[in-house]
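Those protein sequences? They're chains A and B, same order as listed.
Numbering-wise, the numbering used here puts 4 at position 4 of the first sequence, and it's gapless, one number per residue.
Position in the second sequence (from 1) plus 92 gives the number in the numbering used here.
What follows is a short report on a single structure.
Number of protein chains: 2
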Amino acid sequence: MSQDRNDDALASLCKALGHPARVAILRHLLQVDRCICGEIVSILPLAQSTVSQHLKQLKEAGLIRGEIEGPRICYCADKERLAELKNLVTAL
Amino acid sequence: MSQDRNDDALASLCKALGHPARVAILRHLLQVDRCICGEIVSILPLAQSTVSQHLKQLKEAGLIRGEIEGPRICYCADKERLAELKNLVTAL
DNA sequence: GGGCCTTATCGTATTTTCACGAAATACGAT
DNA sequence: ATCGTATTTCGTGAAAATACGATAAGGCCC
Numbered sequence: 001m002s003q004d005r006n007d008d009a010l011a012s013l014c015k016a017l018g019h020p021a022r023v024a025i026l027r028h029l030l031q032v033d034r035c036i037c038g039e040i041v042s043i044l045p046l047a048q049s050t051v052s053q054h055l056k057q058l059k060e061a062g063l064i065r066g067e068i069e070g071p072r073i074c075y076c077a078d079k080e081r082l083a084e085l086k087n088l089v090t091a092l
Numbered sequence: 093m094s095q096d097r098n099d100d101a102l103a104s105l106c107k108a109l110g111h112p113a114r115v116a117i118l119r120h121l122l123q124v125d126r127c128i129c130g131e132i133v134s135i136l137p138l139a140q141s142t143v144s145q146h147l148k149q150l151k152e153a154g155l156i157r158g159e160i161e162g163p164r165i166c167y168c169a170d171k172e173r174l175a176e177l178k179n180l181v182t183a184l
């Protein structure tokens, strides 16, 4: 079959969502459209540094983006990437 | 919000698919409908015991089922569970 | 510039994942 | 009962994930 590429792509996207905190972050971002890091920290029962790491993983997977906005950073979900995930999952 | 339940459910399903080998296994099972463990082992470049561990994780996530069939074990994908995953992802 | 706020990174400890070979288990055939 | 085949489980070690506090880096305001 050798769908190795797709396998890797799906696996890495899934891996990024393989933690409840990251799912919660993504879901929140989709609900509010965009919000600053601090807001996410205040929602989750995790230390700020831990949340920052989760954000980093989501960012590396391409599922979210962060824009510097003055002194803070505004995060938003990358809907294209999310659509890609949906396609890959649906195509299973 | 408190979609914590869904978050956990999606996270654990995604975690199960968070490794290329497991994606490959699931995809193969969906293509051939059902097949024995040994066939899966022969497809992947991994030791037999390693494959068995991946199968175990997929089984624990409910994505596949294994039925004893004489001396071997016949695996098949659990399409209901897969549909659940698709729903959770699509609902994002 | 100095302080303040926000976020990322570092260092670290604990836990979990991943992979393997070896041993155990289960079954059919002889 | 013994042998061979098929799978799982066990034990292990290396690597990665998870979480935290402390520290750094960047931008604002006075």
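Ideal Cβ positions, reconstructed from N, Cα and C, are used throughout, including at glycine.
Take B/R173 as the anchor and find which of A/I25, A/L92, A/L30, A/Q31 has the nearest alpha-carbon.
The shortest Cα separation from B/R173 among A/I25, A/L92, A/L30, A/Q31 belongs to A/L92.
Going by beta-carbon coordinates alone, are A/I64 and A/L55 separated by less than 8 Å?
Taking 8 Å as the Cβ cut-off, A/I64 and A/L55 qualify as a contacting pair.
Taking B/L121 and B/C127 to be in contact with their CB atoms under 8 Å, please state how far apart those CB atoms are, rounded to whole angstroms.
With a beta-carbon spacing of about 7 Å, B/L121 and B/C127 fall inside the 8 Å limit used to define contacts.
Please tell me whether A/C14 and B/L109 are closer than 8 Å, where the distance is taken between their beta carbons.
Yes.
If I'm right that A/V23 touches B/L102 with Cβ under 8 Å, what's the distance once you round it to whole angstroms?
By a beta-carbon distance limit of 8 Å, A/V23 contacts B/L102. Their separation comes to about 5 Å.
If you run the structure through DSSP and keep just helix, strand and coil, what is A/A77?
Under the three-state reduction of DSSP, A/A77 is assigned to strand.
Beta-carbon proximity list for B/A113, same chain, < 7 Å, skipping 5 on both sides
Cβ within range, chain order: L136, L138, H146.
Which residues bound the beta strand (DSSP E) around A/G66?
Looking at the DSSP string, the run of the beta strand (DSSP E) that includes A/G66 is 64–69.
Can you pull the chain A residues whose beta carbon is under 7 Å from the beta carbon of B/C106, in chain order?
The answer, in chain order, is C14, L17, G18.
What in chain B is Cβ-close to A/R155, meaning under 8 Å?
Absent from the model: residue 155 of chain A. The displayed extent of chain A is 1 to 92, so no value can be given.
What does B/V133 reach in chain A if we use C-beta pairs closer than 8 Å?
Here the premise fails: no neighbours, minimum Cβ distance about 15 Å.
Cβ-based burial, A/D33 [other Cβ within 10 Å; buried from 16]:
Under this definition A/D33 is an exposed residue.
Flag B/A116 as yes if its beta-carbon sits less than 8 Å from any beta-carbon of chain A, otherwise no.
At a cut-off of 8 Å between beta-carbon atoms, B/A116 makes contact with chain A.
Below 7 Å CB to CB, which residues in the same chain sit around A/G62 once its five sequence neighbours on both sides are set aside?
These residues qualify, in order along the chain: D78, R81.
Is it true that the CB of B/N98 sits closer than 8 Å to the CB of B/L177?
Their beta carbons are not under 8 Å apart, which means B/L177 does not touch B/N98 by this criterion.
Which first and last residues belong to the alpha helix (DSSP H) in which A/L26 is found?
According to the DSSP assignment, A/L26 belongs to the alpha helix (DSSP H) that extends over 20–32.
How about A/S41 and A/Q48: are their beta carbons less than 8 Å apart?
It should be noted that the sequence gives Val, not Ser, for residue 41 of chain A. Their beta carbons are under 8 Å apart, which means A/V41 touches A/Q48 by this criterion.
Does chain B have any CB closer than 8 Å to the CB of A/A61?
Taking 8 Å as the threshold, the shortest C-beta distance from A/A61 to chain B does not fall below it.
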